[in-house]
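Here's the structure, in structure tokens; my notes come after.
Number of protein chains: 2
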Amino acid sequence: MKLPSSRDVARQLGLQRKIVVRAYRLLQDEGWVTAGVGQGTFVSHADSRSRAVGNGHDWTRALRRSARPRPWMNATVAGPGDLIRFTGATADPSTFPADAFRDVLDEVFRTMGASALEYGPTEGVADLRGWVAERLRARGSELNADQVIIVSGSQQGLDLISRLLVAPGDNVLVEEPGYASGFRLFHANGASVHGVPVDEDGLRFDVLADAASRHSPRFLYLMPNFQNPTGISLREARRVELMDLCDRAGLPVVEDQFDSDLYYEGAPPRPLQAMDRGQRVVLLGSFSKILFPGLRLGWLVVPPALVQPVRELKQMADFGSSLLAQHAMVLYCRRGLLERHLEGVRQVYGGRLRAMLDAMDRWFPPEVSWTRPKGGLTLWCTLPPRLSAADLLPRAREAGIDFSPGSLFHPSGGGGNTLRLSYIREPEERIRRGIEIFGALLKSALEREPAGSSGGPMI
Amino acid sequence: MKLPSSRDVARQLGLQRKIVVRAYRLLQDEGWVTAGVGQGTFVSHADSRSRAVGNGHDWTRALRRSARPRPWMNATVAGPGDLIRFTGATADPSTFPADAFRDVLDEVFRTMGASALEYGPTEGVADLRGWVAERLRARGSELNADQVIIVSGSQQGLDLISRLLVAPGDNVLVEEPGYASGFRLFHANGASVHGVPVDEDGLRFDVLADAASRHSPRFLYLMPNFQNPTGISLREARRVELMDLCDRAGLPVVEDQFDSDLYYEGAPPRPLQAMDRGQRVVLLGSFSKILFPGLRLGWLVVPPALVQPVRELKQMADFGSSLLAQHAMVLYCRRGLLERHLEGVRQVYGGRLRAMLDAMDRWFPPEVSWTRPKGGLTLWCTLPPRLSAADLLPRAREAGIDFSPGSLFHPSGGGGNTLRLSYIREPEERIRRGIEIFGALLKSALEREPAGSSGGPMI
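Same order as they appear, the protein sequences are chains A and B. Residue 436 in the numbering used here is what sits at position 436 of the first sequence, and the numbering runs on without skipping anything. To convert, take the position in the second sequence, counting from 1, and add 459; that gives the numbering used here.
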């Protein structure tokens, strides 16, 4: 059958002719119609259609197995934007020092001009690497600035280290509950991810010993300070035991310090890396949580033997992070502006943490327990086992609050009666209101599901 | 044997005591000395030293095989900075519009404030993706902005695509001579790299057919316009044949357009992607060569089936590229400033290319041949087979010029009598002077090694 001319169709439908021409071409490309110059357009025979479609490349089969998604991949969809958000472990933009940062950027342009827009050294700007090293040395680490590599956020640092150390089929140990984007990343690099439980004193090194001998892991990944999601810090005595155990087992440690500067009482925590006697610890840090994420800058501190391999992989991955961003950042840090900013956000976030804990003490039913972090971004709530956080979530959103079900933070399921609450994205007043709402919701859920009930889905 | 106290050593050597304490601690950590509180510091017994050192982690063994370097890894070391540089295929900073870019950055701060410093969408800012799509459509591509993913330079785009499509042991086809950082990247991702020769009309698709059936490659990587290193463009007739062949063989094509906007005559070249009927082409582009590299921004255009996998891997790799940089860039582009800048650099670089070709016509001996690019950054020189470019390099540097030996651009050696000349980093006057020097050098080398000589190393 012959189709009407594109001119006729355009007139009939009140469209521009080029739209119709494009539609015809699309039909032709997909094999639905055939056309010859000056002959018009004809509906295809069925067999030519299937041939044309068979021509399209089968990319699904072309993907590496490890590139295929896992169940936890798409589970973090947030609720509508007008909710009181206890989700999202990212810094509050109302704290971002935009004006101060514009000033340092202007100054970089004034003093460096076009040279700030060139490629930079693969491993990062020397002065920024030096600043990172000095700061860690002040906290007890012994390291040389050569061991610091500037990366595009600590997630990239984690990716580079995984790519160097993990081959498909390898095992990696993580905290459980732990950092879900870490699990995804290790999985994307071909690793099997095994959880080691965290209790109120941090990682259980007694379980670690067993896991280390059972799985022959490539490394242990952990956040020793104000861990995401629980906010728990690894107790000092356990740090010693942990490092001894890793020494004996020859187990490398990847220490993620993404929020270690967000301590709300006492002194800055000492890095695990400072206790490393076997050059076994890789340390990750980032400006994303302590300042803002928009420049994508973080750092990786590696043992001397890994400097060159990491540098070469970073070179392959992106030729180095933004030179302009690094020059602005080191100016900002060297001026003391970061420390001043940190004093401010510690006040703000610390106040929000206290507001949340006070409100939970007041409004949450006694059957519910939670962590009491001394820093970081989030805390962890445990409901009676008969309640499901995932089932509670739609009702919480209806009532005006949002949170993250705890099962997201387990590498292989579990934690159905747990949840994560972030306390840094909302002001204190909204935190108090949200927790009051949440408390009422929990009480009514507990009344509907009295102790001893089956624990089935809550309707 | 007991060591003197740190206080005594500090006084004797005129050092701060904390320096000495740190030195002692280092000796202790490395097992050379032992110390007890209040007892002083003692030289260790030999066996405790070896035990302590044996404790250090063996990272070399821990590295994945593909992370180990290859011969071409460190071969691109440049000569001293005062040479006339025909090396370095990167844009000339004297062209960078630093002031104009500072203005758009200021405007982003004024209009968006802190929100420009947040995390951005993983796949990039919608307006920038739209701009890339519009630009490619104007050149004949049919694509949707959804297929565009903003990356941190086209090298990252190439890395993401390789990681999705290449598993250890796979094969990848490249142009020979071709882009050395591409070879390294594919190798780092576990692939074997196979060259398909390039002649004056571009990739030899007749050889490609054989290579495609012999190696079952995961994809063909090529630069169809102003290829690095030769400056050659794939002739139009070959493009049709190439795409037909890739269709028949089911061979994906990764098209690198890193310098396609640097055309010095005629109209902008049409992307291969515009001829893609099987959704088989992935396209890479970048701001690094056409504007400047300091923000690390580029783009990746993928068939619809790859959008989600690339997005997920980008999310794992770094959570997305800098939001601030993207907002500034799209403002710069939407204002027409990029097109105006391109008009300027095409004049500058085109003039340099003509200056170099004129000088080569005048000064180079007739036994030497070279390409005559119509755009891009570099051209390619072929010496008589008895001359070695690598042997010529030290004498060239002595004489005041620098170039890149051609063997660097071959995946498995060869090309010893070829070399790459970049013409975009030096002003015309220095180009003329450098080519005159080079011509004299070539003539004297040819005199020392008359036709029919053995072709051994030139002393």
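Backbone N, C-alpha and C fix where the C-beta goes; we use that ideal spot for every residue, glycine too.
Using a Cβ distance threshold of 8 Å, determine whether the segment 300-309 of chain A contacts the segment 274-283 of chain A, with at least three qualifying pairs required. In short, these stretches touch, since the Cβ pair count reaches three.
Which whole-angstrom value describes the C-beta separation of N630(B) and H674(B), a residue pair presumed to lie in contact below a C-beta threshold of 8 Å? Along the second sequence, read from residue 1 onward, the residue named residue 630(B) stands at position 171. Along the second sequence, read from residue 1 onward, the residue named residue 674(B) stands at position 215. Sure, about 4 Å apart at Cβ, within 8 Å.
Could you compute how far the alpha carbon of G182(A) sits from the alpha carbon of C246(A)? Here residue 182(A) is taken as the residue at index 182 of the first sequence, counted from 1. Here residue 246(A) is taken as the residue at index 246 of the first sequence, counted from 1. Roughly 20 Å between the two C-alpha positions.
Let me know the secondary structure DSSP gives A35(A) once reduced to three states. To locate residue 35(A), count along the first sequence from 1; it is residue 35. Three-state DSSP puts A35(A) in a strand.
Is it a yes or a no for the segment 254-266 of chain A touching the segment 409-421 of chain A, going by three-plus beta-carbon pairs under 8 Å? Counting Cβ pairs under 8 Å, fewer than three are found: no touch.
Please compile the residues from chain A whose C-beta is within a distance smaller than 8 Å of the C-beta of R476(B). Position 17 of the second sequence, counting from 1, holds the residue named residue 476(B). In chain order: nothing, as chain A lies at least about 17 Å away.
Note down the Cα distance separating I543(B) from E826(B), rounded to an integer number of angstroms. In the second sequence, the residue the question calls residue 543(B) occupies position 84. In the second sequence, the residue the question calls residue 826(B) occupies position 367. If you take the alpha carbons of I543(B) and E826(B), they lie about 23 Å apart.
Supposed close pair E428(A), G351(A) - CB separation, criterion 8 Å: Residue mapping note: residue 428(A) aligns to position 428 of the first sequence, counting from 1. Residue mapping note: residue 351(A) aligns to position 351 of the first sequence, counting from 1. So it is a contact: roughly 6 Å between Cβ atoms.
Answer with yes or no whether the minimum CB distance from Y24(A) to chain B is below 8 Å. Position 24 of the first sequence, counted from the first residue, corresponds to residue 24(A). Y24(A) does not count as touching chain B.
For V253(A) and R163(A), what's the separation of their Cα atoms in angstroms? The residue you call residue 253(A) lines up with position 253 of the first sequence. The residue you call residue 163(A) lines up with position 163 of the first sequence. Linking V253(A) to R163(A) through their CA atoms gives a straight-line distance of about 15 Å.
is_contact[W32(A), chain B] using C-beta, thresh 8 Å: Within the first sequence, numbered from 1, the residue matching residue 32(A) stands at position 32. Taking Cβ atoms only, chain B never reaches closer than 8 Å to W32(A), which makes this a no.
For chain B, check one thing: does any of its Cβ atoms lie closer than 8 Å to the Cβ of W131(A)? Locating residue 131(A) in the first sequence gives position 131, where the first residue counts as 1. Any Cβ of chain B closer than 8 Å to the Cβ of W131(A) would place that residue at the interface, and such an atom is absent.
Taking the alpha-carbon positions, what's the L756(B) to I749(B) distance? Working through the second sequence from its first residue, we reach residue 756(B) at position 297. Working through the second sequence from its first residue, we reach residue 749(B) at position 290. Roughly 11 Å separates the two Cα atoms.
Out of curiosity, what's the CA-to-CA distance linking R736(B) and A575(B)? In the second sequence, counting from the first residue as 1, residue 736(B) sits at position 277. In the second sequence, counting from the first residue as 1, residue 575(B) sits at position 116. About 38 Å.
So the beta strand (DSSP E) H653(B) belongs to, where does it begin and stop? Reading the second sequence from its first residue, position 194 is the one you call residue 653(B). Counting along the chain, the beta strand (DSSP E) containing H653(B) begins and ends at S651 to D658.
Mind pulling the chain B residues with CB within less than 7 Å of L306(A)? Translated into positions along the first sequence, residue 306(A) becomes position 306. Result: W518.
When you compare the CB of A575(B) with every CB in chain A, is at least one pair closer than 8 Å? As a first step, residue 575(B) must be located in the second sequence, where it is residue number 116. By this cut-off, A575(B) is an interface position.
For R889(B) and R854(B), what's the separation of their Cα atoms in angstroms? Within the second sequence, residue 889(B) is the residue found at index 430, counting from 1. Within the second sequence, residue 854(B) is the residue found at index 395, counting from 1. Looking at the two C-alpha atoms, the distance is approximately 18 Å.
6 Å CB neighbourhood of P843(B) in its chain, flanking five on each side removed: What you label residue 843(B) is simply residue 384 of the second sequence in a count that begins at 1. Around P843(B), the same chain offers E826 as residues with beta carbons nearer than 6 Å, after the five sequence neighbours per side are excluded.
With a CB to CB cut of under 6 Å and the five nearest residues on each side skipped, what residues in its chain are close to L486(B)? In the second sequence, counting from the first residue as 1, residue 486(B) sits at position 27. Within the same chain, L486(B) has close Cβ partners V492.
Can you pull the chain B neighbours of G36(A), defined as C-beta to C-beta under 7 Å? Numbered from 1 along the first sequence, position 36 holds the residue referred to as residue 36(A). Neighbourhood of G36(A) in chain B, by CB distance below 7 Å: empty, with the nearest CB roughly 17 Å away.
Within a Cβ cutoff of 7 Å, which residues of the same chain sit near M44(A), ignoring the five residues on either side of it in sequence? Along the first sequence, read from residue 1 onward, the residue named residue 44(A) stands at position 44. In the sequence as displayed, the identity of residue 44(A) is Ser instead of Met. For S44(A), where only same-chain residues beyond five positions count, the Cβ hits under 7 Å are G31, W32, V33 and T34.
So what's T378(A) in DSSP terms, helix, strand or just coil? Here residue 378(A) is taken as the residue at index 378 of the first sequence, counted from 1. The DSSP-derived three-state label of T378(A) is strand.
Compute the beta-carbon to beta-carbon distance between D777(B) and S152(A), rounded to the nearest angstrom, for a pair I have assumed lies under 8 Å. Here residue 777(B) refers to the residue found at position 318 when the second sequence is read from its first residue. Here residue 152(A) refers to the residue found at position 152 when the first sequence is read from its first residue. About 5 Å; that satisfies the 8 Å criterion.
Name the chain B residues whose beta carbon is nearer than 8 Å to that of Q227(A)? As a working mapping, residue 227(A) is identified with position 227 in the first sequence. Correct list: empty, because the minimum Cβ distance to chain B is about 19 Å.
Between the C-alpha atoms of L693(B) and T519(B), what's the straight-line distance to the nearest angstrom? For the purposes of this step, residue 693(B) is identified with residue 234 of the second sequence, where counting begins at 1. For the purposes of this step, residue 519(B) is identified with residue 60 of the second sequence, where counting begins at 1. C-alpha of L693(B) to C-alpha of T519(B): approximately 43 Å in a straight line.
Distance cutoff 8 Å, beta carbons only. Does A389(A) sit that close to anything in chain B? Reading the first sequence from its first residue, position 389 is the one you call residue 389(A). So, not an interface residue.
Cα-Cα separation, A592(B) to V607(B): Counting from 1 along the second sequence, the entry for residue 592(B) is found at position 133. Counting from 1 along the second sequence, the entry for residue 607(B) is found at position 148. Within the model, the alpha-carbon separation for A592(B) versus V607(B) is close to 7 Å.
Taking 8 Å as the CB-CB cut-off, is A521(B) touching chain A? Position 62 of the second sequence, counted from the start, is the residue given in the question as residue 521(B). For A521(B), a Cβ of chain A is located within less than 8 Å of the residue's own Cβ.
So does the segment 353-365 of chain A actually touch the segment 429-446 of chain A, counting three or more Cβ pairs closer than 8 Å? A contact exists between the segment 353-365 of chain A and the segment 429-446 of chain A.
Would you kindly report the start and end of the unbroken alpha helix (DSSP H) that includes G406(A)? As a first step, residue 406(A) must be located in the first sequence, where it is residue number 406. No alpha helix (DSSP H) holds G406(A); DSSP gives it neither H nor E.
Residue of A180(A), P405(A), A23(A) and A114(A) minimising C-alpha distance to S553(B): Start at 1 with the first residue of the second sequence, and residue 553(B) comes out as number 94. For the residues A180(A), P405(A), A23(A) and A114(A), the minimum Cα distance to S553(B) belongs to A114(A).
Touching or not, the segment 188-202 of chain A and the segment 407-418 of chain A, by the rule of three or more beta carbon pairs under 8 Å? A contact exists between the segment 188-202 of chain A and the segment 407-418 of chain A.
Interface residues of the segment 662-673 of chain B facing chain A [CB-CB below 9 Å]: The segment 662-673 of chain B vs chain A, Cβ under 9 Å: nothing.
In the segment 96-153 of chain A, which residue ranges form an unbroken beta strand (DSSP E) of at least 3 residues, counting only runs that do not cross its ends? For secondary structure counted as the beta strand (DSSP E) over 3 or more consecutive residues, the segment 96-153 of chain A holds these complete runs in sequence order: 148-151.
For L419(A), three-class secondary structure by DSSP: In the first sequence, residue 419(A) corresponds to position 419, counting from 1. Correct three-state label for L419(A): strand.
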